[in-house]
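Q: Take this structure first; my questions come after.
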Amino acid sequence: MGEVILTMKDIDKSFPGVHALDHVSFEVQKGEVHALMGENGAGKSTLMKVLTGIYTKDSGSIIFEGKEVEFHNAREAQDAGVVIVHQELNMLGHLTVAQNIFIGREFKKGIKIDDKKMNEEAKKLFDKLNIDIDPTETMSNLTVGKQQMCEIAKAISHDAKVIVFDEPSAALTEAEIQELFKIINDLRKQNLGIVYISHRMDEIKVITDRVTVMRDGTYVGTLITKDCTKDDIINMMVGRVIYEDPKSKSMVAPDAPVVLKVEHLNAGKMVQDVSFELRKGEILGFSGLMGAGRTETARAIFGADPKQSGKIYVNGKEVTINSPEDAVKCGIGYLSEDRKRYGIVVQKTVAENSTMAFLENFVKGLFIDKKAEKDIAQKYVDSLATKTPSVDQLVVNLSGGNQQKVVIAKWLVRDCDILIFDEPTRGIDVGAKNEIYKLMNKLAEEGKSIIMISSEMTEILRMSDRIVVMCEGKKTGEIGIEEAKQETIMNMATREIK
Amino acid sequence: MNKKNNVLSKFNNQKFIVLLVVIALFIFFSIMSPNFRKYTTVLSILDYSYYIILMAIGVTFPLITGGVDLSIGTGLICYSLAGGYLIVHCGWPTWAGMLVSVLFGVLIGLLNGCLVSLMNLPPFLATLCTCMITRGLGSLCSKGFGIPWPTAGTEGSWFRNIFKITVGETKYPIGFIWMILLVIVMGFVLNHTKIGRYTIAIGSNKEAAMLSGINVKFYHTMAYVISGFFAGLAAIAYSAVFATVQPGSGAGFELEAIGGAIIGGVSASGGVGSISGSLIGVFVICLLKTGLPYIGLQANWQQIITGLVLIGAVLVDILKKKKAVK
Amino acid sequence: MEKIKQNPLVKKVGFNRVVLCCVLILMYVLFCIASPNFVGLPRILSALNYAYFLGFLSLGVTFVIATGGIDFSIGPVMFCSALVSGYCLTSYGMPVGVSLIISIAVGLLFGIFNGYLVAYWSVPPFIVSMASMNIAKGVASVFTKTQSVSWPQGASDQGWFRKLVKIGNIPVGLFIFIAVAIICAMILNKTKAGRYILSLGSNKEAVRLSGVDVKKWEMLAYVICGILVGIAAIFFVGAYTTVQPGYGDQYNNEAIAGCVMGGTSMAGGLASIAGTVIGVFIIALLQEGILALGFTKDYQLIITGIIVIVAVYADVVARRRKN
Amino acid sequence: MKKKVLALLTSVALVATMLTACGSESAGSKGSGDLNFEIIVKSYQSSYWQAAVTGVNQKAGELGVKVNCTGPNAESDIADQVNMLNNAINNKPDGIGLAACDQDACLDSLQTAMDAGIPVVCFDSGIPNAPAGSVLSTVATDNYAAGATAADNLYAALKDTIASATAPVRVGEVNQEATSESITSRGLGFIDKFTELAKADGKSVAVIGNEYFVNNCKEAGSEADADIIIEVAVPAQTTVELCATAAATILNKDDTIGMFGSNQVAAEGILSANENLGVLGTTPGETILAAGFDAGSVIKSAIKGGTMYGAVTQSPLAMGQTTVETLYKIANGEKVSDIPTQGYWYNADNMEDASIAPNLYD
């Protein structure tokens, strides 16, 4: 560890009605990986946006390489050597890899863009990073993981002195994460300052040197990573103690009836001959790496995507599901991994979203019975402890965890017995996560059956009664929670990969 | 192996299919009607295609950004009226009138660009408004009267030779050469210069383009300025081919240009498109417009068929994509 | 200012709607001051004539825009409806009542055509509009053998349909229009259909994954639009007697303008019938006022364009502030 | 923020106010005793109407009356014109001069005008079904006869070619539209007269093309055994490029010997089409002879230059003058009756004649 390369001092930033950053200070040294942690809304992203000039600070100072600086936009920050790898992928799908990497600073020959040189440079860059990507490939043809690698390559190519990684691992497979860590370690050796934002406790322990924790827009404290425990960090983040224990045994009665049976399901490349059973009151974990075909399986069962073959039985009876409409009639509900896109209608209220799946039950004569609608919505707001000023609030104004609860309420209103939770806690902070877990357990106790797709091993081990593992579109294993170990599951999840 | 792939991908290319359609249409009309086979018919088709081609080249840029420019049709008439009025009624030299037409186009393009990129109005709406505004302005420019640009043979009519030159008895459609040149130049601009690259970037993912440090507002505006500039050029082409320019007309021209661009493979959702594709697409529309009367169909049938062809072209694309997904 | 905004009634209608309403009243007052003979019933009746058919078009397109789509075949389809039904009336001797039903049926057919292509075949609405606009013009022209059609005069036996527009000086059409607008508002805000139309305009995939047959509801929006366009045709001929084949697109822009001026978002998901009604009245009043002041229609187009830009920009800014 | 919204919207209202202010000025205040007439033309698109408006203004200047000329953008904007007429009535002028785009659309308004005691004079086109007593005078050309005039002259020039033809020959007619009374009358007048003349010479005639004209001419004949085929084209829309396309289709046919464009736009369309084809001229047999309608700089120079054989012109200038004069007479209590105006045939030879030249507007 060496000298300080970047210091942010007393940064203050307010938006109308919100004090987003309250005199936050933060520093990065050369050759250090500095984790920035905090629940969603703690102000991490805002702080980084202030750093890279996307937001202007109200007060405070940024000292970079000994000089006070103020960037007015992302471009200025880049040019100075402060680069951010964004959480959401910033790719331009219609352009090639090389064109993406050099966007905004193309090599030129006269007025012509020198694509040839860009391809060569990109190739060099990839060689240096030991990544195998063809620079002339169109971006949208790459897997999510490869796209992420391109993003990182792009950041590095800026001759960066400080790189901010904003949740880089969210879309990566286990293998790709290892790849990423190798790159980060290299960068550390080159004496760059690295800021690493993540929710994943395991990663923080592995890769970072120091951890700074923020809460509600304030600075809480900085710890040396190797001197602290996970619980220390979590306590600082939430200000309360949370335990994360794996489930030790299945909570399902051995004679519980099978409510959903899927046989030889085929849908495109990503779902090949998948069969499994789901019992009443069971939480069935679906584990696997990114792109293993779990979401595709769920969507095929739910009728969201077309399937080629396979049989589905609900409560022992064979059913035809060609559309979500059919699935819902069979009592299946689906909570998508991408709430904003597939879960909620942002411009509608909590009440309106709650009844979205079962509106016919709230129609009196020709019209919607708004009172009944609000009553039922209120009922679930209470029972799920959704934080909202009223059921007339637009869901766009709720936080991620509360939006998720509204989606759950939607399926509970419909009285679905089979619920598919696809990455139910993605992008939700630790406190809210716990609430969702409690809720899922409660639902299972009440006799609902749950399929939970998750990429987080701790989540799988903590919640599931039984675990199905998938890899490259095929089911590669099934295991009861009693025997489940991280290593066994990982083994199954990589079985097909040569 | 690689080469074979290239050929194969060409066959899948919308542009290529449309080119085949153009050729097929031409052959079909030629067989069906002996009168269609004449050189003069080709001349006419080209004459009536210039202004649509020019508009289509221009409008390809806003379309690729994921927007649209509905103001080019009424704009064309407006610019032509403004330029023509100065030439005919104010005694300006022809070149000055032409310059005014083009500058007027650039100005309205700039307005569109500002409305869309700076004020964040939906492009459809912003250009719908400028469509109404230019329609009104056009009539005001000429005080409501039709304007005849200098007719062939009179003083100041040299601009008509830009598009068609008479050597001896034969007329040569040199305008077509300009069109090809412009297509090549604008194809270069789209694929190999910053303006084009960023136009595609904006259509692909505007947010990402912004975070890459691109001056998105500027380049987004530029797409509309290009569209306006070409509408200005189209105004000259229109005035050069037709005797009089009538105020109040022009609505609908933009749809022919946009339709041509879309048939030629520009994606309605942005990010994808090529200038040469737009050119070929326009010819589908022009051929239908010119060819159908020759095979004895009354004018009203043309509209029905054009409508159906448009849907057909897009459906083919949609079905192809559906198949690709499977 | 804040007080006004917190007023429950204002909140319900939306602040921008209230502003728009003030603009409408202000405009009327200004026109009356500027042109003394603007005061009085005849001007209002004349403006209403223009407002009726435009209003029905605008109401129709409001549903389509609410789904995030667009339909600019409405003008030509309206003419097609009026021409086909009028030709049946004048050349095939059908009774007026039947003709009126045919008019609505033609609109309905085009609505089904547009809706089916957009919802079930996922053709972009822009393209569908472009195509059906051409087809509507062509069909009308073929059906009437390129002839314009004049509907019967008020005094004749068959002229009773004009009583839908006005009886003497009583603007019956206004009552019908307002009634239809109220029905539309109820459909949009109080029924399942309206809920789904608005929701799918906001996030189609989320609604589909809620187990809703989104295709059906999306198509319904176009069908409702088609029916309203058919009704618009009746009021057009009721006020202006004659329709010509090959036209009608001049009314698209104004109908869409009236709709978005009133706060319906082009992105879908947000629509206000009250806003549409006010928007249409503003356009109609403007066109009457501009004429009364001795200006040409050109000024009307320019001013309408500017008002729409300002109104939509105000909405854009307001929404950005909120988020 | 909301203040900003309000400010923006009020600023729009202010724009309206400003227009209002200048508007009321330009409309002028009506002094006592001043006569005030509203003139509504069909459109401003062609120079025909420019000439008519010039005539109106000239006469108004002479007589010291105020006139206000308006007209829709295009002749197809029927609804706009009705609005303008209603507006004119609401302005309570001393008289209205109307060139109606459509014969039926104005009937209700004419009734209103009569009830309000406002006299109406129709010009250019009449309104046959007008409520009795509402239209006091019609100043219009007999379009049917004017079309026949064109047929007379064109036939005379083509007579020898037709007589010596071994195969069927073709005569084309381009009409900008098939809906307005003046254009259809001219078109039918041409067809009927041409047929009549040809039959007198023992030739059979068939009319093909646009259904309206085929169904409404006196005798459509059959194409199979006709010596002369009259082909009628009507473009899908009234724009000039579609007129040109329609004209090119006919000009391109080998057996075409003559063309008729029934108004200024149609005639200009024929000339536009000829730009490429180069088949028009004044030599019967070798070139196609084209007859036009109305004047304007484009047609005039084509006739002068020998591209177009000749054309029929009306006298819009005189028509405009007469209209105002008639309104003036009515206002002064004089009795008036219908005033027919004439269509004159002109070609390169008689363009300079004193009787023709004043009617050849630019």
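Chains as they are written, first to last, in the numbering used here: chain A, 40 to 537; chain B, 110 to 435; chain C, 57 to 379; chain D, 85 to 446.
Just so it is clear, CB atoms sit at the ideal spot from N, CA and C, and this is done for glycine as well.
1) Just the Cα atoms here: how many angstroms apart are Leu115 of chain C and Thr332 of chain C?
2) Does the beta-carbon distance from Ser221 of chain D to Ile423 of chain D come in below 9 Å?
3) By alpha-carbon positions, which one of B:Ala370, B:Ser358, B:Ser383 and B:Ala235 ends up nearest to Val349 of chain D?
4) Using a C-beta cutoff of 9 Å, does Arg73 of chain C count as contacting chain D?
5) Can you tell me the Cα-Cα spacing of Ile160 of chain C and Gly486 of chain A, whole angstroms?
6) Taking only beta-carbon positions, decide if Val228 of chain C is within less than 9 Å of chain B.
7) On a Cα-Cα basis, can you pick out the residue from D:Asp164, D:Gly201 and D:Pro177 that is closest to Cys190 of chain D?
8) Under the three-state reduction of DSSP, which class applies to Cys185 of chain D: helix, strand or coil?
9) Could you tell me which of A:Asp241, A:Ile246, A:Asp271 and A:Gly70 sits nearest to Val252 of chain A, measuring between CA atoms?
10) Please report whether the beta-carbon of Thr425 of chain D lies at a distance below 9 Å from any beta-carbon of chain B.
11) Is it the case that the stretch 104-118 of chain C contacts the stretch 229-249 of chain C, given that we only count it when at least three CB pairs across the two stretches are under 8 Å?
12) May I have a chain-ordered list of the alpha helix (DSSP H) segments no shorter than 4 residues that lie completely inside the stretch 315-357 of chain B?
13) Within a Cβ cutoff of 6 Å, which residues of the same chain sit near Arg377 of chain C, ignoring the five residues on either side of it in sequence?
14) For Lys514 of chain A, write down the residues that DSSP places opposite it in a beta bridge.
15) Check whether the Cβ atoms of Ser206 of chain C and Gln187 of chain D lie closer than 9 Å to each other.
16) Does any residue of chain A have a CB that is nearer than 9 Å to the CB of Val381 of chain B?
17) Quick check on Val280 of chain A: buried or exposed, where buried means 16 or more other Cβ atoms within 10 Å of its Cβ?
18) Which term fits Cys395 of chain B, buried or exposed, when burial requires 16 or more other beta carbons within 10 angstroms of its beta carbon?
19) Taking 9 Å as the threshold (C-beta atoms), are Gly284 of chain B and Tyr148 of chain B in contact?
20) Is Gln411 of chain B helix, strand or coil by DSSP?
21) Anything in chain B within Cβ reach of Pro180 of chain C, meaning under 8 Å, just list it in chain order.
22) For Glu122 of chain D, list the residues DSSP reports as bridge partners.
23) Since Lys300 of chain A is in the beta strand (DSSP E), which residue starts that stretch and which ends it?
24) For Ile239 of chain C, verify whether its CB is less than 8 Å away from any heavy atom of the ligand FAD.
25) Work out the CA separation of Gly373 of chain B and Val127 of chain B for me, nearest whole Å.
26) Could you check the C-alpha separation between Gly380 of chain D and Ile158 of chain C for me, to the nearest Å?
27) Beta-carbon within less than 7 Å of Ala235 of chain B's beta-carbon, same chain only, minus the 5 sequence neighbours each way: which residues are those?
28) Where does the unbroken beta strand (DSSP E) through Phe377 of chain D begin, and where does it stop?
29) From what residue to what residue does the alpha helix (DSSP H) around Pro132 of chain C run?
30) Using the rule of at least 16 other Cβ atoms within 10 Å of the residue's Cβ for burial, across every protein chain shown, is Trp216 of chain C buried or exposed?
31) Can you give the beta carbon distance from Ile186 of chain B to Met164 of chain B, rounded, assuming they're within the 8 Å contact cut?
32) Could you list which residues in chain B have their beta carbon closer than 8 Å to that of Pro319 of chain D, in chain order?
33) Taking only beta-carbon positions, decide if Leu165 of chain C is within less than 9 Å of chain F.
34) Can you check whether the CB of Ala262 of chain D is closer than 9 Å to the CB of Tyr296 of chain D?
35) Residue range of the beta strand (DSSP E) that Gly293 of chain D falls in?
36) Looking at Gln129 of chain D and Gly404 of chain D, is the spacing between their C-beta atoms short of 9 Å?
A: Taking the structure as given:
1) Answer to the nearest angstrom: the Cα atoms are 7 Å apart.
2) Using a Cβ distance threshold of 9 Å, Ser221 of chain D and Ile423 of chain D count as a contacting pair.
3) If we check each option's Cα against that of Val349 of chain D, B:Ser358 comes out closest.
4) Nearest CB-CB separation between Arg73 of chain C and chain D: not below the 9 Å threshold.
5) A straight-line Cα-Cα distance of about 53 Å links Ile160 of chain C and Gly486 of chain A.
6) Judged by the 9 Å Cβ criterion, Val228 of chain C is not in contact with chain B.
7) Nearest option by C-alpha distance: D:Asp164.
8) Coil, per DSSP.
9) Selected option, being the one with the closest Cα: A:Asp271.
10) Chain B contact via Cβ: absent.
11) Output reads yes: the stretch 104-118 of chain C touches the stretch 229-249 of chain C.
12) If you keep only unbroken alpha helix (DSSP H) runs of at least 4 residues inside the stretch 315-357 of chain B, you get 315-320 and 325-350.
13) Same-chain partners within the cutoff: there are none.
14) Residue pairing of Lys514 of chain A in beta bridges, as defined by DSSP: A:Met509.
15) Against a cut-off of 9 Å, the Cβ pair of Gln187 of chain D and Ser206 of chain C comes out as a contact.
16) Taking 9 Å as the threshold, the shortest C-beta distance from Val381 of chain B to chain A falls below it.
17) Note on Val280 of chain A: pLDDT 48, under 50, position unreliable in the model; the coordinate value appears next. Per the 10 Å Cβ criterion, exposed.
18) With 16 or more other CB atoms across the displayed protein chains lying within 10 angstroms of its CB, Cys395 of chain B is buried.
19) Not closer than 9 Å, so no.
20) Helix, per DSSP.
21) Within chain B, the residues near Pro180 of chain C are Ala377, Ser378 and Val423.
22) Beta-bridge pairing links Glu122 of chain D to D:Asn152 and D:Ile180.
23) Its beta strand (DSSP E) spans residues Val297 to Ala306.
24) As for the ligand FAD, it is missing from this structure, which has no ligand bound.
25) When rounded, the separation of the alpha-carbon atoms in Val127 of chain B and Gly373 of chain B is 7 Å.
26) Looking at the two C-alpha atoms, the distance is approximately 44 Å.
27) So the list reads Asn221, Leu224 and Val225, once near-sequence residues are dropped.
28) Looking at the DSSP string, the run of the beta strand (DSSP E) that includes Phe377 of chain D is Leu373 to Phe377.
29) Element bounds for Pro132 of chain C: Ile130 to Ser147.
30) So Trp216 of chain C counts as exposed.
31) The pair is not a contact, with the Cβ atoms about 12 Å apart (cut-off 8 Å).
32) Within chain B, the C-beta atoms nearer than 8 Å to that of Pro319 of chain D come from Ala408, in chain order.
33) Within the model displayed, chain F is absent; protein chains A, B, C and D are what it includes.
34) For the 9 Å CB-CB criterion, Tyr296 of chain D and Ala262 of chain D form a contact.
35) Gly293 of chain D -> beta strand (DSSP E) spans Val289 to Gly293.
36) Result no, Cβ atoms of Gly404 of chain D and Gln129 of chain D do not sit closer than 9 Å.
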